[in-house]
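Chemist:
Numbering (the numbering used here), first residue to last: 1 to 329.
(1) Output yes or no for whether 8 Å exceeds the beta carbon distance between residue 329 and residue 241.
(2) Quick check for students: name the residue ranges of the beta strand (DSSP E) that lie wholly in the stretch 46-96, counting only runs of 3 or more.
(3) Distance check for residue 269 and residue 301, CA to CA, integer angstroms please.
(4) Pick helix, strand or coil for residue 226, following the three-state DSSP scheme.
(5) Would residue 83 be called buried (16 or more neighbouring beta carbons within 10 Å of its own) or exposed?
(6) So, with DSSP's three-state summary, where would you put residue 262?
(7) Evaluate the contact criterion for the stretch 223-239 versus the stretch 172-188: three or more CB pairs, one atom per stretch, below 8 Å.
(8) Taking 8 Å as the cut-off, does the stretch 307-326 touch the stretch 250-266 (at least 3 CB pairs, one atom from each stretch)?
(9) Tell me the rounded alpha-carbon separation between residue 318 and residue 285.
(10) Give the C-beta separation of residue 59 and residue 262 to the nearest angstrom, bearing in mind that I take them to be a contact with Cβ-Cβ under 8 Å.
(11) For residue 50 and residue 217, I'd like the C-alpha separation in whole angstroms.
(12) Buried or exposed for residue 78, going by 16 or more other Cβ atoms inside 10 Å?
(13) According to DSSP, simplified to helix, strand and coil, what is residue 190?
(14) Please state whether DSSP places residue 239 in a helix, a strand or coil.
(15) Check the DSSP bridge columns for residue 322 and list the partner residues they point to.
(16) Excluding sequence positions up to five away, which residues of its chain have a Cβ less than 7 Å from the Cβ of residue 264?
(17) Looking at the structure shown, is residue 276 part of a helix, part of a strand, or coil, going by DSSP?
(18) Could you tell me which of 46, 299, 275 and 88 sits nearest to residue 291, measuring between CA atoms?
(19) Would you identify the three-state DSSP class for residue 181, choosing helix, strand or coil?
(20) Is the Cβ of residue 169 closer than 8 Å to any Cβ of chain D?
(21) Beta-carbon within less than 8 Å of residue 305's beta-carbon, same chain only, minus the 5 sequence neighbours each way: which residues are those?
(22) Going by DSSP, name the residue or residues bridged to residue 221.
(23) Contact defined as beta carbons within less than 8 Å: I believe residue 273 pairs with residue 297. What is the distance between those atoms, to the nearest angstrom?
(24) Grab the span of the beta strand (DSSP E) containing residue 303 for me, first residue to last.
(25) Give the range of the beta strand (DSSP E) segment to which residue 315 is assigned.
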């Protein structure tokens, strides 16, 4: 009897050692933040400081090729998590593409006139086109639980020994939507594991665990994949050229382009003006193979910026025409 009492006292003492210093600790368990979180070491925290231009990118739901079946839609969840994580870096202009399920849908959107073409001035209601699409294929997924989390219940809390393990493997891809070409890809493995004491809470004194995909070991493993994928895409695109177009040339000769502060454009930056390059199409399949780089016809320098456009001065070369391609390298 004394041994049992001593055991219970030890458990209670350990529990209150955890909870006494600050109620904030328990509050985090009971009321987790609703803000999207990429872990304490977030993808953006791991990234070096970046002050360059931003690229427009759309995210497509991942495909589930692992044959893993659960109550959670892994493909959709990873797509949403990646979109949120890329946005959180501050490096991208996120173009929502929930209605698109494939690169061909993006190409069809560009060809249909529903999105602003290179030679068109953007107007209200037209969809902003994403040159790059991020997606992935889930190739492996597993989730195993062992142990009993019933344990000892104290005033709504339960203490029990439990071990949850999960892993997700995905091949993350970055696609050029103008050609359908995969320009970068990486196989990523995400893992999550918990062992030892677990705490659950119920307002009514009943042992119910917090729900929601992000709070599960599988969600934790998925978030690990997303953290790594975000860093991979962000670093990969640091050296990509930002392209835009000339909207108009004012009467005073100032050149206005359709890239503003929302794309990270700032006064002093220099853009090259290029002729439209020729699209290389395979004559036997009709596949877009590449696009030739057009000839440089002028150099322009940004003098003033608003949210969606930049005002530039001609540095050298010929005054560009409306629709001309501009490139920041």
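Cβ coordinates follow ideal geometry from the N, Cα and C atoms, glycine included.
Please read these numbers as outputs of a predicted model, since none were measured by experiment.
Modeler: Reading from the atomic positions:
(1) yes
(2) 55-59 and 92-95
(3) 6 Å
(4) helix
(5) buried
(6) helix
(7) yes
(8) yes
(9) 38 Å
(10) Not confirmed; about 18 Å, so no contact.
(11) 32 Å
(12) buried
(13) strand
(14) helix
(15) Looking at the DSSP assignment, residue 322 forms no beta bridge with any residue, so it has no partner.
(16) 52, 53 and 54
(17) coil
(18) 275
(19) strand
(20) Reference to chain D is not applicable here, since this structure consists of a single protein chain.
(21) 260, 261, 265, 266, 267 and 311
(22) Answer by DSSP bridge pairing: none, since residue 221 is not bridged.
(23) 5 Å
(24) 296-305
(25) 310-317
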